[in-house]
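If you read the sequences in order, they're chains A and B.
Taking this note's numbering, I'd label the letters of the first sequence as residues 3 to 261.
Taking this note's numbering, I'd label the letters of the second sequence as residues 3 to 261.
Ideal placement from N, C-alpha and C gives every residue a C-beta, glycine not left out.
2 protein chains.
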Amino acid sequence: MHIDSDSPARRIAADLRADIASGQLPPGGKLPSVRDLAERYEVSRTTAGKALILLKTDGLVTTRHGSGAYVRESHPIRRLGPERYARHHWEQTTVRAFATEAPESEAAQQQGHQTQEVSLVPADEPVATALGVEIGSPVYERARVVTREGNPTHTMTSYYRSADVEGTPLVDPSPGIAGQGGGFRVLADKGLAPHEITEDLCARMPTAEETLLLDLPPGEPVVELRRVTRTADGQVVEYARGVHAASRFVWSYTFAIPD
Amino acid sequence: MHIDSDSPARRIAADLRADIASGQLPPGGKLPSVRDLAERYEVSRTTAGKALILLKTDGLVTTRHGSGAYVRESHPIRRLGPERYARHHWEQTTVRAFATEAPESEAAQQQGHQTQEVSLVPADEPVATALGVEIGSPVYERARVVTREGNPTHTMTSYYRSADVEGTPLVDPSPGIAGQGGGFRVLADKGLAPHEITEDLCARMPTAEETLLLDLPPGEPVVELRRVTRTADGQVVEYARGVHAASRFVWSYTFAIPD
DNA sequence: TAGTGGTCTAGACCACTTC
DNA sequence: AAGTGGTCTAGACCACTAA
Chain A
3 MHIDSDSPAR
13 RIAADLRADI
23 ASGQLPPGGK
33 LPSVRDLAER
43 YEVSRTTAGK
53 ALILLKTDGL
63 VTTRHGSGAY
73 VRESHPIRRL
83 GPERYARHHW
93 EQTTVRAFAT
103 EAPESEAAQQ
113 QGHQTQEVSL
123 VPADEPVATA
133 LGVEIGSPVY
143 ERARVVTREG
153 NPTHTMTSYY
163 RSADVEGTPL
173 VDPSPGIAGQ
183 GGGFRVLADK
193 GLAPHEITED
203 LCARMPTAEE
213 TLLLDLPPGE
223 PVVELRRVTR
233 TADGQVVEYA
243 RGVHAASRFV
253 WSYTFAIPD
Chain B
3 MHIDSDSPAR
13 RIAADLRADI
23 ASGQLPPGGK
33 LPSVRDLAER
43 YEVSRTTAGK
53 ALILLKTDGL
63 VTTRHGSGAY
73 VRESHPIRRL
83 GPERYARHHW
93 EQTTVRAFAT
103 EAPESEAAQQ
113 QGHQTQEVSL
123 VPADEPVATA
133 LGVEIGSPVY
143 ERARVVTREG
153 NPTHTMTSYY
163 RSADVEGTPL
173 VDPSPGIAGQ
183 GGGFRVLADK
193 GLAPHEITED
203 LCARMPTAEE
213 TLLLDLPPGE
223 PVVELRRVTR
233 TADGQVVEYA
243 RGVHAASRFV
253 WSYTFAIPD
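The structure is reproduced here in structure tokens:
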């Protein structure tokens, strides 16, 4: 009753927000046009447009240029816990190649899809520190964009010491390694079975590049994930960093209280 | 070279962003005024102002109404791992009251400070589910806003089954329990020593209320934390939820890869 | 009091979508 | 071709800050 009711633009936004909350404007539903709003509230089109901007930055509304403004569909939320790395996900699997498989096959669309690029790059500072190599020395970079139901959900880029993965399917650029845990499988085959993971998370607003890549609606934050994977000996075998569209994930961790 | 160089407003923002990145505009430094920019770039004041809005939503710049626009100071980042719950933080400590202590004493300011309110409230759905009580039944709510160096950094609200904490210092409204782990200490004293924690994290944009409470600059996301604390028996003794200013924290978790 | 950011109007043009 | 969001101008007023 005190905030949000000040300026005309905020007032209009508040009214629309209420309509959305009440379900009167359902997800996917079309909002009144800027010109409609301007007339109805007796304000300039600029001001009515401002209301839409406010709702966009709230993440409540998406606009399609030339078409209209729509109530944002809420995406299904995926819960991310340590189980996603579980051994049975990758230990039993054969290393599959997705070679000539049509990328829009039904299964691929449902299951999720990932594009992938592998290349040898000089290690930057965080990568070098994590992998214990010198800055600038060559490491394998495996960059992927993961898509689910047609929407890109996150990027993930892994780095490996070149000696660890040289000659494995991982670095063979032609077929590529399919899906989940392919990297872990390859490491295990080389006698470097992953055993422990440290994940660092932070949230921030996306860069312009990330907004394009992940097709983020304005006002949606991202979560940056940095992951260090070690063997039972404590040797680091993978360093990875990724960017997730915040609204599509919940992270969950369970741990014993330390002494 | 392709993004960000389109409209005049974006062009101005890009120039300023470059000045910030290069250090020519240092953190805390004052940006040119809207009227300056308008004249220099030969655009309307509205457009020059738009550039500032873009930088604000990027989180790069803060504005002080009537004073100017300033490059945002980057806050020291606190790393949050399971160690912050370590037993030695609360097991040995006496339960201190902060009674008549001046809230702006030097130590309090440095160490951080928290306001606190305890009350008996009806359990809402998530609280009831977590604590295993019926919706609407009375539970103790302990709400606090944590401040560090004069800036509010996060809120945290804990819920306890009323039988578990009845008659303890926790629910005594007059003195209040000081600082870290006071709640855990009290539970341990009642034979309900916390043993295991599950934390769920998600990132989103703040509500208007949160923006005020945490004094968030526009464009800064928050991380919502939900925490379930259990004894060694698996009994839930605390459910808590909090909202953190995203830019001031990194979360870190280490775990063994499950089977 | 002078300078600042914030917001508004009224009208214009553009780029895009839909039919 | 009609309707849409996006952006811009030029000028106005307000609320706030600082000297």
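query: To the nearest angstrom, how far is the alpha carbon of residue 257 of chain B from that of residue 84 of chain A?; result: 7 angstroms
query: How is residue 55 of chain A classed by DSSP in three states: helix, strand or coil?; result: helix
query: Tell me the rounded alpha-carbon separation between residue 32 of chain A and residue 45 of chain A.; result: 21 angstroms
query: Could you give the DSSP three-state label for residue 92 of chain B: helix, strand or coil?; result: coil
query: Compute the distance between the beta-carbons of residue 198 of chain B and residue 163 of chain B, then report whether it is under 8 angstroms.; result: no
query: Measuring only between beta-carbons, confirm whether residue 158 of chain A sits less than 8 angstroms from chain B.; result: no
query: Return helix, strand or coil for residue 41 of chain A, following the three-state DSSP convention.; result: helix
query: Roughly how many angstroms separate the alpha carbons of residue 21 of chain B and residue 93 of chain A, rounded to a whole number?; result: 50 angstroms
query: Quick one, which residues of the segment 202-215 of chain B are near chain A if we go by CB-CB under 8 angstroms, in chain order?; result: 202, 203, 204, 205, 206, 207, 210, 211, 214
query: Let me know the secondary structure DSSP gives residue 249 of chain A once reduced to three states.; result: helix
query: Residues in its own chain within less than 7 angstroms of residue 80 of chain A by CB, not counting five upstream and five downstream?; result: 250, 251
query: Any idea if residue 23 of chain A is buried or exposed, counting beta-carbon neighbours within 10 angstroms, 16 or more meaning buried?; result: exposed
query: Taking just the CA atoms, how far does residue 148 of chain B sit from residue 230 of chain B?; result: 19 angstroms
query: Need the endpoints of the alpha helix (DSSP H) that residue 13 of chain A sits in, please.; result: 10-23
query: For a contact defined as C-beta to C-beta under 7 angstroms, what are the partners of residue 59 of chain A on chain B?; result: 59
query: Report yes or no: is there a C-beta of chain B within less than 8 angstroms of the C-beta of residue 196 of chain A?; result: yes
query: What first and last residue would you give for the alpha helix (DSSP H) that runs through residue 164 of chain B?; result: 164-167
query: I want to see whether chain B comes within less than 8 angstroms of residue 102 of chain A, judged by CB atoms only; does it?; result: Since pLDDT at residue 102 of chain A reaches only 35, below the 50 mark, its modelled position is unreliable, and the value read off the structure follows with that caveat. It does not: the Cβ of residue 102 of chain A has no partner Cβ on chain B nearer than 8 angstroms.
query: From residue 126 of chain A to residue 157 of chain B, what distance separates their C-alpha atoms?; result: 36 angstroms
query: Quick check: what's the CA-CA separation for residue 15 of chain B versus residue 67 of chain A?; result: 22 angstroms
query: For a cutoff of 8 angstroms on Cβ pairs, would you count residue 129 of chain A as touching chain B?; result: no
query: Over the uninterrupted alpha helix (DSSP H) stretch that includes residue 209 of chain A, give me the two end residues.; result: Residue 209 of chain A -> no alpha helix (DSSP H), and no H or E assigned at all.
query: For the segment 221-248 of chain B, which residues have a beta carbon sitting closer than 7 angstroms to at least one beta carbon of chain A?; result: 221, 223, 225, 248
query: Alpha carbon to alpha carbon, what distance is there between residue 146 of chain A and residue 120 of chain A?; result: 9 angstroms
query: So with CB distances below 8 angstroms, who are the chain A contacts of residue 87 of chain B?; result: 259, 260
query: Strictly under 8 angstroms for the Cβ-Cβ distance: is residue 84 of chain A near chain B by that measure?; result: yes
query: If we ignore side chains and look at the alpha-carbon of each, how far apart do residue 130 of chain A and residue 140 of chain A end up?; result: 10 angstroms
query: Please check if any C-beta of chain B sits within less than 8 angstroms of the C-beta of residue 76 of chain A.; result: no
query: Let me see if you follow: with CB-CB separation under 8 angstroms, is residue 14 of chain B close to chain A or not?; result: no
query: Could you pull the start and end residues of the beta strand (DSSP E) that residue 230 of chain A belongs to?; result: 224-233
query: Excluding the 5 residues preceding and the 5 following residue 284 of chain A in the sequence, name in chain order all residues of the same chain whose CB lies nearer than 6 angstroms to its CB.; result: It is not possible to answer for residue 284 of chain A, since the shown part of chain A is limited to 3 through 261.
query: Tell me which residue opens and which closes the alpha helix (DSSP H) that residue 189 of chain A is part of.; result: 184-191
query: Output needed for residue 273 of chain B: all residues of its chain with C-beta closer than 8 angstroms, excluding positions within five of it in sequence on either side, in chain order.; result: In the structure displayed, chain B extends from 3 to 261; residue 273 of chain B sits before or after that span and is not available.
query: How close, in whole Å, do the beta carbons of residue 185 of chain A and residue 172 of chain A come, if the pair is a contact with beta carbons under 8 angstroms?; result: 6 angstroms
query: Residues of the segment 138-166 of chain B with a CB closer than 7 angstroms to any CB of chain A: list them in chain order, please.; result: none
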